[in-house]
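Which chain is which? The protein sequence lines are A and B, in order. Start counting the first sequence at 2; every next residue gets the next number (this note's numbering). Start counting the second sequence at 4; every next residue gets the next number (this note's numbering). Where is the CB? At the ideal position from N, CA and C, for every residue including glycine. Fair warning: this is a prediction, and the values are worked out from it, not measured in the lab. A quick write-up on the structure given underneath.
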Amino acid sequence: MAEFVQVVVDGVATGSIYGALALALVLIFRSTSVVNFAQGEMAMFSTFVAWGIHQAGVPLGLALLGAFAFSFAAGAIIERVVIRPFEGGEPLTLVIVTLGLFLLINSAAGWIWGFNNRSFPSAFPDSSVTIVGARLDVESLGIVAVLIVVVGLLYLLFQRTGIGLAMRAAALNPDASRLVGVRVGRMLMLGWGLAALLGALAGVLVAPQLFLDPNLMGGVLVYSFAAAALGGFDSAIGAVVGGWIIGVSENVAGTYVNFIGADLKILVPLGIIFVVLLVKPSGLFGSPEVARA
Amino acid sequence: MSERRVRIATLVAALAVAILLPFFFEPFRNNQFSLVLAYSVAVLGLNLLVGYNGQISLGHGFFFALGAYTSALLIAKESVPYLLTVPAAGVVAFAAGFVFGVPALRLRGLYLALVTLSLAVVAPQLIKRWGSLTEGTQGLTVNQPTAPGGIGLANDQYIYLLTLAIAAVMFLLAWNLVRGQTGRSIMAIRDNEISAKAMGINIARVKTRVFAVSAGYAGVAGALYVFTVGFVAPESFTVTLSLGLLAAIVVGGLGSVTGAVFGALFIEFVPVWAGDVNQALTGFVYGAVLIAFMFVLPGGMASLGKRIKRIRKRPAKQDTRPERTERTTAREGLT
């Protein structure tokens with residue numbers, strides 16, 4: 002029982018990281034209808050920036066803040082320069098462009114920092130607490146807490162502030178929003194900036210558990226896609242709940258199903274994406290898509 | 004009529020150059036050329052799916068790997084004559100593509116991209132998991148085809164010409180497929196699925212078959228790859244391969260048969276050239292080229308000639324409409 006609790010809590014913790022990156026995907030999808038294949042690589046790059054600043058002797062907390070600020074600016078610039086010219090185009094074009102970004106950022110990081118593994122310090126103390134006989138890391142609990150706070154903040158931003166309202170309006174109907182004075186372009190940049198920031202958060206949360214290298218987020222991205230698909234690509238709550246479901250099922254399957262083990266864990270999100278998209282393509286919390294001629 | 008003659012002459016000249024090529028280069032180069040031909044078959048297959056039919060696949064490395072392993076295992080473990088493994092690899096990949104194409108019917112645009120991407124990610128893992136059959140991480144070495152005695156060809160030349168012959172057949176088949184009625188249905192679905200349906204095209208049948216044919220092409224390409232390389236390992240079939248194939252159709256030209264050769268040249272020689280400079284340069288060039296082509300030349304290299312001609316002809320700023328082949332239309336795929 003204790004082992005099971007531990008497996009589940011660890012699953013929720015990794016699921017929270019998937020959820021954070023999935024939130025970033027959802028944020029961009031909602032504001033620009035783009036699925037950003039480069040989201041994971043942007044997060045990896047931000048994590049390297051945090052690492053670099055920290056390496057230069059700056060305390061970890063400040064280094065993280067610096068990396069977040071960098072990510073926000075970089076995200077907004079990428080939207081303006083690379084994505085904007087293709088906005089509203091065919092999905093294929095946008096998939097190709099974001100895949101191009103994926104390769105570009107991945108290799109840029111490899112070029113600058115090399116392909117060696119590096120350890121990344123955790124922002125949480127390395128201790129554990131015992132609940133119902135299970136030893137739970139403070140880090141795991143901290144990650145879950147961070148995600149919950151982030152979701153709360155996002156909710157407040159979108160539902161309770163003028164900027165949030167403008168962002169939602171710009172995504173829903175750009176032309177009408179322009180007519181009432183919303184600066185649609187700015188809102189899209191803001192959306193990408195926030196998504197990049199969220200991605201950076203996911204990156205610095207996951208990096209202490211894996212090793213920091215240019216392929217840090219490759220696996221995480223697939224899990225996050227699964228989380229976003231499961232929750233519904235346009236639902237923030239869905240992304241988080243989806244992340245948890247993926248994290249827990251992956252961990253449980255990896256521990257208790259012999260055939261899957263550590264090697265084939267990746268089949269779990271694949272299977273989930275597949276089943277969800279076939280049975281309920283809009284996901285658990287998403288709104289169904291409507292096709293018109 | 005004269006334009007047709009020019010095209011035929013170009014084709015004949017290109018074929019002559021392709022046949023004579025291996026007699027002017029050393030074995031190392033000839034192997035690279037053989038690989039270009041193998042990749043061009045896969046690129047062509049992917050283009051049937053993406054460029055002509057508008058279904059996005061980021062997972063064709065999976066079918067490529069399936070074909071490669073089918074051929075390698077048949078040769079190494081069952082001693083099947085290597086020529087027979089080409090259709091075998093094609094059929095296995097075709098069947099897998101058909102099975103996969105049925106659920107793919109319900110997925111459009113981005114969602115299909117996501118699912119196929121996971122297919123690409125999972126391929127090396129699956130190969131390792133069935134290590135008892137595939138020899139796992141250490142890979143499988145295969146005897147390459149050897150030139151029959153008495154025809155005066157070195158092995159590398161023989162493999163190249165063999166690959167060229169098979170690739171030529173595959174190109175001919177593809178060209179034949181896209182220019183007839185079937186091709187028109189395939190493209191009609193890309194351009195507007197709902198109108199295509201209204202015209203009486205059986206969408207489900209066409210789409211699943213195109214998926215299967217496309218996967219079959221990747222499978223044949225996998226077998227050809229085995230002939231040239233003589234070795235298969237999980238690490239040869241990572242996501243990079245799948246993304247490279249996609250980059251190749253963008254470079255070559257979406258919805259273009261001849262473009263596949265340009266694309267294959269690109270994915271074979273860019274890594275060779277870039278790897279000398281820096282380990283990371285290949286990905287960098289792939290990424291930059293993908294974005295740059297979308298900005299500047301969305302029709303790929305195959306459209307370059309037309310593009311130049313149009314710019315020269317254009318008196319004023321009239322007629323800047325994109326050509327039919329320059330963009331694939333699948334807008335309905337997106338919410």
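{"Check": "Start-end ranges of the alpha helix (DSSP H) lying completely within the stretch 122-188 of chain A, minimum 4 residues", "Outcome": "139-161, 163-173 and 175-180"}
{"Check": "Complete runs of the alpha helix (DSSP H) confined to the stretch 106-164 of chain B [at least 4 residues]", "Outcome": "112-132 and 134-137"}
{"Check": "Cut-off 8 angstroms between Cβ atoms - residues of its own chain near residue 15(B), not counting five sequence neighbours on either side", "Outcome": "none"}
{"Check": "Chain-ordered chain B contacts of residue 107(A) [CB-CB under 9 angstroms]", "Outcome": "283, 286, 287 and 290"}
{"Check": "7 angstroms Cβ shell around residue 123(B) - same chain, five flanking residues per side excluded", "Outcome": "61, 62, 64, 65, 242 and 245"}
{"Check": "Cβ-Cβ separation, residue 34(B) to residue 159(B) (assumed contact under 8 angstroms), whole Å", "Outcome": "6 angstroms"}
{"Check": "Rounded separation between residue 216(B) and residue 173(B) - CA only", "Outcome": "11 angstroms"}
{"Check": "Interface flag, residue 203(A) vs chain B, CB-CB below 8 angstroms", "Outcome": "no"}
{"Check": "Where residue 212(A) sits in the DSSP three-state scheme", "Outcome": "coil"}
{"Check": "Proximity of residue 65(A) and residue 146(A) at Cβ, strictly below 8 angstroms", "Outcome": "no"}
{"Check": "Sequence-distant residues of its chain with Cβ nearer than 8 angstroms to residue 139(A) (five each side left out)", "Outcome": "125, 126, 127, 128, 129 and 130"}
{"Check": "Segment limits, alpha helix (DSSP H) that includes residue 208(B)", "Outcome": "206-232"}
{"Check": "C-alpha distance - residue 308(B) paired with residue 102(A), whole-angstrom precision", "Outcome": "28 angstroms"}
{"Check": "Through-space distance from residue 34(A) to residue 118(B), alpha-carbon basis", "Outcome": "18 angstroms"}
{"Check": "Neighbouring residues, chain B, relative to residue 193(A) (Cβ below 8 angstroms)", "Outcome": "Correct list: empty, because the minimum Cβ distance to chain B is about 16 angstroms."}
{"Check": "Inter-residue spacing [alpha-carbon to alpha-carbon] between residue 85(B) and residue 147(B)", "Outcome": "8 angstroms"}
{"Check": "Minimum C-alpha distance to residue 180(B) - residue among 51(B), 11(B), 306(B) and 248(B)", "Outcome": "51(B)"}
{"Check": "Sequence-distant residues of the same chain with beta carbon closer than 7 angstroms to residue 80(A), five excluded per side", "Outcome": "189, 190 and 193"}
{"Check": "Rounded straight-line distance, which links the Cα of residue 53(B) to that of residue 198(B)", "Outcome": "19 angstroms"}
{"Check": "The stretch 258-269 of chain B touching the stretch 69-76 of chain B, judged by at least three CB pairs closer than 8 angstroms", "Outcome": "no"}
{"Check": "Residue of 285(A), 245(A) and 230(A) minimising C-alpha distance to residue 27(A)", "Outcome": "230(A)"}
{"Check": "Against chain D: residues of the stretch 219-245 of chain A by CB proximity under 7 angstroms", "Outcome": "The structure shown has no chain D; the protein chains it does contain are A and B."}
{"Check": "Test: residue 87(A) CB closer than 8 angstroms to a CB of chain B", "Outcome": "yes"}
{"Check": "Three-state secondary structure (DSSP) of residue 235(B)", "Outcome": "strand"}
{"Check": "Test item: CB-CB of residue 250(B) and residue 49(B) under 8 angstroms", "Outcome": "no"}
{"Check": "Residue 140(B) vs residue 233(B) beta-carbon contact at 8 angstroms", "Outcome": "no"}
{"Check": "Cβ-based contacts, 9 angstroms cut-off: residues of the stretch 100-114 of chain B near chain A", "Outcome": "106, 109, 110, 111, 112, 113 and 114"}
{"Check": "Partners in chain A for residue 125(B), counting only beta-carbon separations shorter than 9 angstroms", "Outcome": "223, 265, 267, 268 and 271"}
{"Check": "Under 8 angstroms by beta carbon: chain A residues contacting residue 128(B)", "Outcome": "264, 265, 267 and 268"}
{"Check": "Cutoff 8 angstroms: residue 298(B) Cβ touching any chain A Cβ", "Outcome": "yes"}
{"Check": "Residue 289(B) vs residue 189(B) beta-carbon contact at 8 angstroms", "Outcome": "no"}
{"Check": "Any 3 or more C-beta pairs closer than 8 angstroms across the stretch 7-24 of chain A and the stretch 218-226 of chain A", "Outcome": "yes"}
{"Check": "Any C-beta of chain B under 8 angstroms from that of residue 101(A)", "Outcome": "yes"}
{"Check": "Residues bridged to residue 10(B) (per DSSP)", "Outcome": "Partner(s): none; residue 10(B) has no beta bridge."}
{"Check": "When 287(B), 299(B), 154(B) and 5(B) are compared against residue 113(A), the one with the closest alpha-carbon", "Outcome": "287(B)"}
{"Check": "Proximity winner among 10(A), 267(A) and 288(A), relative to residue 132(A) (alpha-carbon distances)", "Outcome": "10(A)"}
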